[in-house]
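Colleague:
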Amino acid sequence: MNPLRGTILGLAIAWGASTCSAQQETIPFEKIAKDAQLSATLTLPGNEASNEFYSSRTLSESSSSSLGFARGNPAPVRRRTLGASFYLLNGLSFGMAALDVELTQHCISTHKCREGNPLIPSSHAGALGISFALVGSGTWASYQMKKHESHIWWIAPISGIAGHAVGVTSGLIHR
Numbered sequence: 130m131n132p133l134r135g136t137i138l139g140l141a142i143a144w145g146a147s148t149c150s151a152q153q154e155t156i157p158f159e160k161i162a163k164d165a166q167l168s169a170t171l172t173l174p175g176n177e178a179s180n181e182f183y184s185s186r187t188l189s190e191s192s193s194s195s196l197g198f199a200r201g202n203p204a205p206v207r208r209r210t211l212g213a214s215f216y217l218l219n220g221l222s223f224g225m226a227a228l229d230v231e232l233t234q235h236c237i238s239t240h241k242c243r244e245g246n247p248l249i250p251s252s253h254a255g256a257l258g259i260s261f262a263l264v265g266s267g268t269w270a271s272y273q274m275k276k277h278e279s280h281i282w283w284i285a286p287i288s289g290i291a292g293h294a295v296g297v298t299s300g301l302i303h304r
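In the working numbering, the protein residues as written are 130 to 304.
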């Protein structure tokens with residue numbers, strides 16, 4: 130439900146609740162059973178003719194279009210975009226990127242190795258900035274693909290994990 134429809138529905142419910150005579154009665158929430166069936170009717174002041182029409186017919190007898198209901202298949206249920214697998218893979222990609230940069234910078238500072246990727250600057254801040262920008266763009270691509278229910282959304286974080294695993298391994302070897 131979009132925000133505009135939700136707002137209109139909320140205002141309609143609030144307006145109907147303010148004109149309902151049953152609102153004068155207070156019922157403690159402890160007395161309402163968890164499986165209670167609640168029902169409501171909407172009466173509009175000065176519109177008794179339409180109320181007689183609807184009260185004389187049952188819902189099944191009346192046409193669905195006159196009541197504002199639409200018949201047809203329900204909308205397909207969409208899966209959650211941000212789930213445990215999304216956070217796990219993209220979090221591992223982020224963690225491997227940070228670990229790769231830190232181990233490589235340590236190795237460079239001890240003069241035991243150098244940066245193997247020519248696109249990464251040799252400064253610590255530059256390496257972190259480029260690595261996090263790449264991880265962020267991969268996470269964005271992964272999110273967009275999962276949002277549109279693509280079955281290959283996991284390729285971006287897995288490729289980031291694999292690429293940074295090589296750097297982490299090299300940093301651990303030359304430590």
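All C-beta atoms in this analysis are idealised placements derived from N, C-alpha and C, irrespective of residue type, glycine included.
Specify the secondary structure class of His303 as computed by DSSP and reduced to three states.
Modeller: Start at 1 with the first residue of the sequence shown, and residue 303 comes out as number 174. Residue state, collapsed to three classes: coil.
Colleague: Across the region 211–224 and the region 237–244, are there enough close Cβ pairs to call them in contact, namely three or more that are closer than 8 Å?
Modeller: Because the criterion of three Cβ pairs below 8 Å is not met, the region 211–224 and the region 237–244 do not touch.
Colleague: With DSSP collapsed to three states, give me the class of Arg134.
Modeller: In the sequence shown, the residue the question calls residue 134 occupies position 5. Helix, per DSSP.
Colleague: What whole-angstrom Cβ distance do Lys275 and Thr233 have, given they're in contact under 8 Å?
Modeller: Residue numbering aside, residue 275 sits at position 146 when the sequence shown is read from its first letter. Residue numbering aside, residue 233 sits at position 104 when the sequence shown is read from its first letter. Contact flag wrong, Cβ pair sits at about 30 Å.
Colleague: Would you mind stating whether Ser260 and Ala227 have Cβ atoms separated by less than 9 Å?
Modeller: Translated into positions along the sequence shown, residue 260 becomes position 131. Translated into positions along the sequence shown, residue 227 becomes position 98. Yes, they are a contact pair.
Colleague: So, do the region 251–260 and the region 275–285 have three or more beta carbon pairs nearer to each other than 8 Å?
Modeller: Output reads no: the region 275–285 does not touch the region 251–260.
Colleague: Could you spell out the range, first to last residue, of the alpha helix (DSSP H) harbouring Lys275?
Modeller: Stepping through the sequence shown from its first residue, residue 275 is reached at position 146. Where Lys275 is concerned, the enclosing alpha helix (DSSP H) stretches over His253 to Lys276.
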